[in-house]
Amino acid sequence: MNQLENFKYDPAKSALAETLFQALTKIAAGALPEELSMLDFFKALEQPPEKNLGDYALPCFRFAKALKKNPNLLAEELKNALVASHNPWVLRVDLKGAFLNIFTDQKQVAKTLLPLLVTGDGFKLLKNNPTNNKTKVMIEFSQPNTHKEFHVGHGRNVCLGDSLCRIFSYNGFDVMPVNYIGDEGAHIAKCLWAVDNYKGEKLDDKIANKAEWLGQRYVEANTKLKEASDEEKIKYNAEISAILKSIENKKGNYYETWKVTRQYCLDDFNHIYKWLDVHFTHFFYESEVSEDSQAIVNEYMKKGLFVEDQGAVGVDMSDKKLGFFMARKSDGTTLYGTKDLALAKVKFDQYKIDRSIYVVGSEQNFHFKQVFYALEKMGFVQAAKCYHLSYGMVVRPEGKMSSRAGNSFTFLQLINLVIEEINGYLEKYKGEWNQARLDDTAHKLAVGAIKYGMLQADPNKEIVFDPKEWVSFEGNSGPYLMYSYARTQSILNKAQEQGIEVSLTNVDLLTHESERELMRHLYDFNQTVIYACENYKPSTIANQLFFTCKAYNRFYTEVSVMKAESDDLRGARLALLKAFGDTLKTGLYLLGITPPEKM
RNA sequence: GGAUUCGUAGCUCAGUUGGAUAGAGCAACCCCCUUCUAAGGGGUAGGUCGUAGGUUCGACUCCUACCGAAUCCGCCA
Numbered sequence: 019m020n021q022l023e024n025f026k027y028d029p030a031k032s033a034l035a036e037t038l039f040q041a042l043t044k045i046a047a048g049a050l051p052e053e054l055s056m057l058d059f060f061k062a063l064e065q066p067p068e069k070n071l072g073d074y075a076l077p078c079f080r081f082a083k084a085l086k087k088n089p090n091l092l093a094e095e096l097k098n099a100l101v102a103s104h105n106p107w108v109l110r111v112d113l114k115g116a117f118l119n120i121f122t123d124q125k126q127v128a129k130t131l132l133p134l135l136v137t138g139d140g141f142k143l144l145k146n147n148p149t150n151n152k153t154k155v156m157i158e159f160s161q162p163n164t165h166k167e168f169h170v171g172h173g174r175n176v177c178l179g180d181s182l183c184r185i186f187s188y189n190g191f192d193v194m195p196v197n198y199i200g201d202e203g204a205h206i207a208k209c210l211w212a213v214d215n216y217k218g219e220k221l222d223d224k225i226a227n228k229a230e231w232l233g234q235r236y237v238e239a240n241t242k243l244k245e246a247s248d249e250e251k252i253k254y255n256a257e258i259s260a261i262l263k264s265i266e267n268k269k270g271n272y273y274e275t276w277k278v279t280r281q282y283c284l285d286d287f288n289h290i291y292k293w294l295d296v297h298f299t300h301f302f303y304e305s306e307v308s309e310d311s312q313a314i315v316n317e318y319m320k321k322g323l324f325v326e327d328q329g330a331v332g333v334d335m336s337d338k339k340l341g342f343f344m345a346r347k348s349d350g351t352t353l354y355g356t357k358d359l360a361l362a363k364v365k366f367d368q369y370k371i372d373r374s375i376y377v378v379g380s381e382q383n384f385h386f387k388q389v390f391y392a393l394e395k396m397g398f399v400q401a402a403k404c405y406h407l408s409y410g411m412v413v414r415p416e417g418k419m420s421s422r423a424g425n426s427f428t429f430l431q432l433i434n435l436v437i438e439e440i441n442g443y444l445e446k447y448k449g450e451w452n453q454a455r456l457d458d459t460a461h462k463l464a465v466g467a468i469k470y471g472m473l474q475a476d477p478n479k480e481i482v483f484d485p486k487e488w489v490s491f492e493g494n495s496g497p498y499l500m501y502s503y504a505r506t507q508s509i510l511n512k513a514q515e516q517g518i519e520v521s522l523t524n525v526d527l528l529t530h531e532s533e534r535e536l537m538r539h540l541y542d543f544n545q546t547v548i549y550a551c552e553n554y555k556p557s558t559i560a561n562q563l564f565f566t567c568k569a570y571n572r573f574y575t576e577v578s579v580m581k582a583e584s585d586d587l588r589g590a591r592l593a594l595l596k597a598f599g600d601t602l603k604t605g606l607y608l609l610g611i612t613p614p615e616k617m
């Protein structure tokens, strides 16, 4: 989305920008540099560091420079012009050096903003963006490997990808959330190899969690390989290679075992997705694209792009300092990267997508540079529209998480831990609520706690995973936001019981400091979602919601809604309350969170 | 050797694309439930934004170098 389109979603800022631009045009008296436009003012208008300084601030330095004027003098001239303009948004303008501090008219803000939020129309503005409507965005995320444990790091990916889909959709994009299951490859061969060599229990119905059991076999295989002698290693690798070929060629005993064990893992994944309320419009499987990937290697070998090197086949990318991108191993099997090429071709040719987003961990930054460059060399213009949303790993306080170090944490373990903690809090509703409601509330709270924890951090930063902090629900946490929401519903319900209605007729009575503060946060909501979309950062929404909730909870303690000084004010406060509640609910939805009505 | 990311309060992190006196949450200390849910609110204390240069009217933000942490780099995914 370009800046010009954002313009219309911020009426106060664009009105100020327009007036200021006209004023500058007048002051310049024909000597206005061509590159200056209204948009520059729109971009330059910022929020002052302290709220008592004003609602918007304009540093005049760059405009002064463009006009070769003294910044302080220009600021004064702009101030006078703004005051004289009768712009309905302007209440007062202060001058501090070259800074123009603008106080907006609270009545104008309330009258513009609250009807949009209370009716819900404000949440549909971006959805109708005509440019974005025509853009087909495929977001690939989760990509779990079967036959491996699904740990908390995989959970972060799902939360991020799902939130991104919701954010893009809110911004009007035509979104396709897709998954790409790693159901083929060396790790599975290793797992099945370990199953065969496993001396303990057999894989049968007695095992409660088969996916987890398989994950453990995979870990065993790695240990056994690591500890093997050089001679054994050659033997083992040959066995594993044979298993991999059987799976890739889709015949033989291992292929049959693969089919069964694969399904156990898929069932496990779907269970998690369902719990998280995450949905995909399509599932791709590595096993589907292995044939295509072989064909691609053949095709581009003929074309001379892929070359043979030490028995393997790949692309030399030393011109971009990307080394050698291997597409086929010397044993004739393909690799992860090869399949990414084949899958990208399917996405471009069959799904006709305009943008392709890959949500994948930062350890694959190099890999995706290679893949995108390979696609470019293969002649796909869409390569320029591919984006790797890289995110940091989830690590333990003592360092990297690994099964071997005994500090790994599966996603299901985290879920159980959080649920247990929440059940403690919900004790107070035992007897009052039936079990179904208790479970439903616990579920919503647990999803919110986990997703918020995963999303409030900037994607490309590591998350230090400390279980203790994940069950602490005070301060900046998912439950804090959901609690804020429950507080709005409690009051709105009370109002409804008493037959008191939300009223938009007297919103200009909302002049209390805490009301003003809250409204300002609500006003910025859509801009934050635009920013989050443009920068692939759900974390900015999480942060914005947290600060909005802080403003709300302050409002909650400082003024009374139901016992407002007058009926008119009560109706207006109910409107603000509803506007906040709906904004929060919408924001939480964008993070993939559904808050309970009561908690 | 090459690629990428991170370094902000004791701990975990924000910082709206370069603006004014750097903000939260934990933890510590002190207040506030006869008042719409205390999973809440208010306050105190806590900082040379890794270091050193550079660009700029202005740098936590951009550039360079260095220090420290992490991840990846032809037969893993």
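Going by the working numbering, the first sequence opens with residue 19, and the numbers climb by one from there.
Just so you know, even glycine gets a beta-carbon here, dropped at the ideal spot from N, CA and C.
- Counted as a single uninterrupted DSSP element, the alpha helix (DSSP H) harbouring Ile-433 occupies residues 429-443.
- Judged by DSSP in its simplified three-state form, Tyr-376 adopts strand.
- A distance below 7 Å between beta-carbons, with the five flanking residues on each side excluded, links Asp-327 to the following residues of its chain, in chain order: Phe-342.
- Between Glu-68 and Leu-76, the C-beta spacing is not below 9 Å.
- Under the three-state reduction of DSSP, Gly-138 is assigned to coil, being neither helix nor strand.
- The beta-carbon distance between Pro-556 and Leu-144, rounded to whole angstroms, is 15 Å. This is too long to meet the 8 Å contact definition.
- Boundaries of the beta strand (DSSP E) harbouring Ile-199: 192-199, taken from the DSSP string.
- Annotation: Gln-126 to Glu-492 spans about 36 Å, alpha carbon to alpha carbon.
- Rounded to whole angstroms, Gln-124 and Thr-164 show a C-alpha spacing of 56 Å.
- For Met-344, the beta-bridge partners assigned by DSSP are Gly-332.
- Here Ile-199 really is in contact with Phe-301; their C-beta atoms are around 6 Å apart, less than 8 Å.
- For Leu-109, the enclosing beta strand (DSSP E) covers residues 108-114.
- In the displayed model, Leu-54 falls within coil according to three-state DSSP, outside both helix and strand.
- Around the beta carbon of Thr-428, 16 or more other beta carbons sit within 10 angstroms, so the residue counts as buried.
- According to DSSP, Asp-349 shares a beta bridge with no other residue.
- Looking at the DSSP output, Asp-327 shares a beta bridge with Ala-330.
- Selection Met-156, Tyr-391, Asp-214, Leu-540 evaluated against Ala-569 yields Leu-540 as nearest (Cα-Cα).
- Using a Cβ distance threshold of 9 Å, Asn-105 and Thr-37 count as a contacting pair.
- Pairing Val-412 with Phe-483 gives a Cβ-Cβ distance under 9 Å.
- Of all alpha-carbon atoms in Ala-256, Ala-590, Thr-279, the one lying nearest the alpha-carbon of Lys-220 is that of Thr-279.
- When the Cα atoms are used, Ser-187 and Gln-545 turn out to be separated by approximately 15 Å.
- When DSSP reads this structure, Leu-407 sits in a beta bridge with Val-377.
- The C-alpha of Lys-603 is placed about 37 Å away from the C-alpha of Asp-201.
- Straight-line spacing of the CA atoms in Phe-191 and Phe-398 works out to 22 Å.
- Following the DSSP letters along the chain, one finds Glu-249 inside the alpha helix (DSSP H) bounded by residues 248-266.
- Taking C-beta separations shorter than 6 Å and ignoring five residues to either side along the sequence, the partners of Leu-50 in its chain run Thr-43, following chain order.
- Residue environment analysis places Ser-495 among the buried positions, since at least 16 neighbouring C-beta atoms fall within 10 angstroms of its C-beta.
- In chain order, Tyr-570, Leu-595, Lys-596, Phe-598, Gly-599, Leu-602 place their CB closer than 8 Å to the CB of Thr-506, counting only its own chain and leaving out the 5 sequence neighbours on each side.
- With contacts defined as CB atoms closer than 9 Å, Gln-514 and Asp-542 fail to qualify as a contacting pair.
- Residue pairing from DSSP places Tyr-303 in a beta bridge opposite Ile-199.
- One thing to note: Lys-462 has its Cβ no nearer than 9 Å to the Cβ of Ile-559.
- Between the segment 164-175 and the segment 274-288 there are three or more C-beta pairs closer than 8 Å, enough to call the two in contact.
- The beta carbon of Leu-435 sits closer than 8 Å to the beta carbons of Pro-485, Trp-488, Val-489 from its chain, once the five residues preceding and following it are set aside; these are given in chain order.
- Looking at the backbone, the Cα of Leu-536 and that of Thr-529 are separated by about 11 Å.
- Looking at the DSSP output, Ala-46 sits in no beta bridge, so it has no partner there.
- Annotation: Ile-120 to Thr-130 spans about 18 Å, alpha carbon to alpha carbon.
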